[in-house]
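Chemist: Residue numbers (the UniProt record's numbering), protein chains in the order written: chain A, 1 to 158; chain B, 1 to 213. Supplied in structure tokens, the structure appears directly below.
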Amino acid sequence: MEVINENAGLLSNLEVLLLLKDVQAGRNNQQKPNKDQQNLGTITYETVKYLERSPCALQTPDHVAAFMHAMKDFALTRAEKLQLLNNRPTSEVELILMVEESEERFSDEDIGGLVTAIATHLPGPEAEVSVAAVAEEEEEMEEKEEGEEAVDEDYVAI
Amino acid sequence: MQTGTMFVLVLMKDTVRIPPSKLHLDTTQTIVGILNKKFANKVVHNVGLCIALWDIEKYERSFIYPGDGATHTIVHFRYVVFRPTVDEILVGKVKNCSKEGISVSMGFFDDIFIPEDNLPHPSKFSETEQMWAWKYEEHDLFIEIGHEIRFRVMEEKFVDTSPTGPEGITMETTDPEPGPKRSPYTIVGTLAEQGLGLLSWWASAAGGEESAG
């Protein structure tokens with residue numbers, strides 16, 4: 001095995017979650033981990049479990065597109081945008097941790113504006129539950145159940 | 001410099017052996033299966049913790065060798081790898097506390113350590129509670145096991161844990177101390193900054209009022 005490029009791209013947590021859910025469900029040309037692939041089963045299960053407790057569990061690709069568009073007003077690096085997307089900071093203290101040299105680069109209004117933009121474009125647990133969000137959540141719940149069943153089967157196989 | 005995110009794509013090249021028993025199956029599907037079996041949940045030295053195959057970029061020629069019915073194909077592929085950048089902010093759960101510091105787990109990755117020197121200042125270890133506490137004004141803010149904690153990545157340590165061959169044969173450097181189990185990939189974190197530490201410490205700040213207690 002040879003590593004050609006250690007950094008061939010950055011991924012948002014949502015992209016990883018969607019891939020792993022496809023793996024668990026055997027969708028989109030992915031195969032469910034079989035009993036010969038316990039490592040894949042374990043890491044998929046544990047990573048999905050972690051990501052489903054993180055802000056990306058509520059996000060959809062549409063949210064990400066709207067968020068990235070809104071971030072054009074702020075001079076942030078791609079990695080910074082992705083970290084804000086993954087962490088969805090709700091306060092200035094939190095946000096400043098993720099933006100390097102924020103004091104030199106941004107005014108207080110900018111920082112306040114960023115926090116507001118993040119809260120507007122990315123869904124959070126405190127957001128009012130819209131009809132679309134409910135539908136999505138239900139869908140996610142179903143997927144989650146499917147995923148868990150798949151893993152259970154694996155454990156039985158062990 | 002923040003140049004990355006916790007999950008990155010790594011482009012790799014490997015020779016995949018397809019045994020005769022699998023030659024009647026779809027080649028791509030078989031290769032996906034083999035690559036996922038080989039790398040998932042493994043740490044690759046200086047690369048990170050491999051999660052799952054992202055896509056296959058290209059195949060080179062396949063070979064057969066005398067005396068072996070299998071095909072050997074060189075495949076270029078991208079793998080999803082957990083490798084947070086130094087300086088990145090992550091959230092995990094407190095797994096363990098000791099005099100030396102705090103162990104944190106992210107569920108799928110366990111080898112995160114926050115040494116005593118990187119705890120919020122001033123912090124004290126309580127022998128009776130076996131817990132660290134941040135002394136904030138008059139209050140002792142305990143770092144309790146199982147609670148969610150935000151930390152910054154300070155350092156990453158890769159240790160080559162591949163077994164060394166019999167003495168005198170391999171040219172690898174000799175194992176320094178074959179003592180306790182070493183982790184192939186460890187992340188060293190810090191809490192010594194505003195906004196880091198247990199999420200509950202800072203939850204009230206979100207409402208606008210900055211009060212911890």
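Every residue gets a Cβ at the ideal spot worked out from N, C-alpha and C, and that includes glycine.
Is any beta-carbon of chain A found at less than 7 Å from that of B/Arg-78?
Modeler: It does; some Cβ of chain A falls within 7 Å.
Chemist: Within 10 angstroms of its Cβ, does B/Phe-63 collect 16 or more other Cβ (buried), or is it exposed?
Modeler: With fewer than 16 other Cβ atoms within 10 Å, it is exposed.
Chemist: At the 7 Å Cβ level, is A/Leu-11 part of the contact set with chain B, yes or no?
Modeler: For A/Leu-11, the answer is yes, since a Cβ of chain B falls inside 7 Å of its Cβ.
Chemist: For A/Asn-29, tell me which candidate among A/Lys-35, A/Ala-119, A/Leu-19 has the shortest Cα-Cα distance.
Modeler: That would be A/Leu-19, whose Cα lies nearest to the Cα of A/Asn-29.
Chemist: Beta-carbon separation of A/Gln-37 and B/Asn-36 under 7 Å?
Modeler: Result yes, Cβ atoms of A/Gln-37 and B/Asn-36 sit closer than 7 Å.
Chemist: 7 Å is my cut-off, CB to CB: does B/Thr-27 come that close to chain A?
Modeler: Closer than 7 Å: no.
Chemist: DSSP has B/Leu-141 in a bridge; who is on the other side?
Modeler: Paired residue(s): B/Trp-134.
Chemist: To be precise: take each residue of the segment 52-67 of chain B, compare its Cβ to all Cβ atoms of chain A, and keep it if any distance is under 8 Å. Which residues remain?
Modeler: Here the close residues are Ala-52, Trp-54.
Chemist: Okay, do the segment 66-83 of chain B and the segment 3-20 of chain B touch, 3+ Cβ pairs below 8 Å being the bar?
Modeler: Yes: at least three Cβ pairs fall under 8 Å.
Chemist: Cα-Cα, which of B/Val-153, B/Asp-110, B/Glu-155, B/Lys-124 is closest to B/Phe-142?
Modeler: Checked all of B/Val-153, B/Asp-110, B/Glu-155, B/Lys-124; the closest Cα to B/Phe-142 is B/Lys-124.
Chemist: Going by beta-carbon coordinates alone, are B/Leu-53 and B/Val-32 separated by less than 7 Å?
Modeler: Cβ atoms of B/Leu-53 and B/Val-32: closer than 7 Å.
Chemist: For B/Val-43, which residues of its own chain have a beta-carbon under 6 Å away from its beta-carbon, when the five flanking residues on both sides are left out?
Modeler: Excluding sequence neighbours, B/Val-43 sits near Leu-49, Pro-184, Tyr-185.
Chemist: Compare the C-beta of A/Ala-117 with all C-beta atoms of chain B and state if any pair is closer than 7 Å.
Modeler: By this cut-off, A/Ala-117 is not an interface position.
Chemist: At a CB-CB cut-off below 8 Å, which residues of chain B make contact with A/Ile-96?
Modeler: Within 8 Å Cβ-Cβ: Gln-194, Gly-195.
Chemist: Output, in sequence order along the chain, the residues in the segment 130-163 of chain B whose CB is closer than 9 Å to any CB in chain A.
Modeler: Against chain A - using a Cβ distance shorter than 9 Å - the residues of the segment 130-163 of chain B are Glu-148, Arg-150, Arg-152.
Chemist: Can you give me the Cβ contacts of A/Arg-78 inside the same chain, cut-off strictly under 7 Å, excluding the 5 residues immediately before and after it?
Modeler: Closer than 7 Å at the Cβ level, and outside the excluded window around A/Arg-78, lie Leu-10.
Chemist: Take B/Val-86 and list the residues in its own chain whose beta-carbon comes closer than 6 Å to its own, dropping the five residues that flank it on each side.
Modeler: So the qualifying residues of the chain are Val-153.
Chemist: If I follow the unbroken beta strand (DSSP E) through B/His-76, where does it start and stop?
Modeler: Here the beta strand (DSSP E) through B/His-76 covers 71-82.
Chemist: Distance cutoff 7 Å, beta carbons only. Does A/Gln-31 sit that close to anything in chain B?
Modeler: Cβ-Cβ to chain B under 7 Å: yes for A/Gln-31.
Chemist: Note down the Cα distance separating A/Tyr-45 from A/Ser-107, rounded to an integer number of angstroms.
Modeler: For A/Tyr-45 and A/Ser-107, the distance between alpha carbons rounds to 42 Å.
Chemist: How about A/Asn-13 and A/Asn-87: are their beta carbons less than 7 Å apart?
Modeler: Not in contact: A/Asn-13 and A/Asn-87 (Cβ atoms no closer than 7 Å).
Chemist: For the segment 8-28 of chain B and the segment 87-100 of chain B, state whether three or more C-beta atom pairs, one from each stretch, are separated by less than 8 Å.
Modeler: No: the two stretches stay apart, fewer than three of their Cβ pairs being nearer than 8 Å.
Chemist: What does the Cβ neighbour count give for A/Met-71, buried or exposed, with the cut at 16 atoms within 10 Å?
Modeler: Buried is the call here.
Chemist: Can you say whether B/Met-106 is buried or exposed, counting buried as having 16 or more other CB atoms within 10 angstroms of its CB?
Modeler: It is buried - the Cβ of B/Met-106 has at least 16 other Cβ atoms within 10 Å.
Chemist: Which residue from A/Phe-74, A/Glu-104, A/Leu-17, A/His-69 puts its Cα closest to that of A/Tyr-50?
Modeler: A/Tyr-50 has its Cα closest to that of A/Leu-17, out of A/Phe-74, A/Glu-104, A/Leu-17, A/His-69.
Chemist: Short of 7 Å in beta carbon distance, which residues of its chain neighbour B/Thr-161, apart from the five on each side in sequence? Order them along the chain.
Modeler: For B/Thr-161, where only same-chain residues beyond five positions count, the Cβ hits under 7 Å are Arg-182, Pro-184.
Chemist: Residues in the same chain with beta-carbon distance under 7 Å from A/Asp-110, minus the five sequence neighbours each way, listed in chain order, please.
Modeler: Excluding sequence neighbours, A/Asp-110 sits near Phe-74.
Chemist: Can you grab the Cα-Cα spacing for the pair B/His-94 / B/Trp-132, in whole Å?
Modeler: According to the sequence provided, residue 94 of chain B is Val. The question's His does not apply to it. If you take the alpha carbons of B/Val-94 and B/Trp-132, they lie about 11 Å apart.
Chemist: Tell me which residues share the same chain as A/Val-32 and place their Cβ nearer than 8 Å to its Cβ, disregarding the 5 neighbours each side in the sequence.
Modeler: As written in the sequence, residue 32 of chain A is Lys, which differs from the Val given in the question. Cβ neighbours of A/Lys-32 beyond the five flanking positions: Val-23, Gln-24, Ala-25, Gly-26, Ala-150.
Chemist: Assign B/Lys-99 to buried or exposed, taking buried as 16 or more other Cβ atoms, counted over all protein chains shown, within 10 Å of its Cβ.
Modeler: Exposed, since its Cβ has fewer than 16 Cβ neighbours within 10 Å.
Chemist: With distances taken Cα to Cα, identify the nearest neighbour of B/Gln-130 among B/Arg-78, B/Thr-73, B/Asn-96.
Modeler: Ranking B/Arg-78, B/Thr-73, B/Asn-96 by Cα distance to B/Gln-130 puts B/Asn-96 first.
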